[in-house]
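J.: Have a look at this one before I ask anything.
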Amino acid sequence: MKKVFKQIGRFFRWIWRFFVDFFKSLWRVIVSLKTAKGILALAISLTIYYGWAIAFIVIGTVFPQYRWMIGVGTGVVIFWAGPFTPFWPITLVTTIIIQRYILRDKKTQSFKEIYKQFLADREMSKEDAAFIKRIERKEEKRRKKAQIDAEVENINVDFKVEERKNDQDSTPND
């Protein structure tokens, strides 16, 4: 029985750490949207995913013939507020896309930089490190193969040029 309680305690500590790390990372990404265009892009993406549900609730409250809108809006708000929904990742990706491509803000971070920010507080597990090493090895093999293919192509081109020269030299001139 003691073992079960210990595992439950570890599980709750993991859940707590997950949420703390997630919200710290989320805050760090939101703060990195420093420019006015970044804040505007965040407001637009929040409106896209969440704002219409709040508008439904307001319209349903103001106009009695549209009471069904309160139920729809509340359902959407409750869904996005639930744990493990993809609300924040989707919202942040949309924010960055709006900021970079629609508002044309040059100060936008790349997705790689943001990914590093999300993982900055977390220690890398052995499985993650092994996975990254496998990917790096595959990438290195791919690079080497591409380099060898390019060298072979250069050799083939050189050989064909040399062959043409020999053919031209061997043909008698009239």
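Residue numbers are given in the working numbering: position 107 of the sequence shown equals residue 744, and the series is strictly consecutive. For glycine and all other residues, C-beta sits at the position ideal for the given N, C-alpha and C.
Mind checking if I691 is an interface residue toward chain B, Cβ cutoff 8 Å exclusive?
T.: Note that chain B does not occur in the displayed structure, where there is just one protein chain.
J.: Using a Cβ-Cβ cutoff of less than 7 Å, which residues in the same chain neighbour I696 once the five nearest sequence positions on both sides are dropped?
T.: Y703, M706
J.: Just to confirm my understanding: we take A690, look at its own chain, exclude 5 residues before and 5 after, and list those with CB closer than 7 Å. What are they?
T.: Taken in chain order, the residues that qualify are G710, V713, V714.
J.: Assign V743 to one of three DSSP states: helix, strand, or coil.
T.: According to the sequence displayed, residue 743 carries Lys and not Val. Three-state DSSP puts K743 in coil, outside helix and strand.
J.: What is the C-beta distance between F685 and T722, in whole angstroms, given that I count them as a contact (C-beta under 8 Å)?
T.: The sequence given here has Ile at residue 685, not Phe. I685 to T722, Cβ: 15 Å. No contact.
J.: Just tell me which of E790, A767, Q736 has its CA closest to the CA of K671.
T.: A check of alpha carbon separations from K671 across E790, A767, Q736 identifies Q736 as the nearest.
J.: With 16 as the cutoff for other CB atoms within 10 Å, does K674 come out buried or exposed?
T.: buried
J.: Distance, Cα to Cα, I733 vs A718?
T.: 21 Å
J.: The alpha helix (DSSP H) that contains Q644, what's its start and end?
T.: 639-668
J.: Can S682 and T728 be called in contact, C-beta distance under 8 Å?
T.: Yes. Within cutoff.
J.: Taking the straight line between their C-alpha atoms, what separation do you get for Q644 and I676?
T.: 42 Å
J.: What separation, rounded to the nearest whole angstrom, lies between the Cα atoms of R774 and I785?
T.: 16 Å
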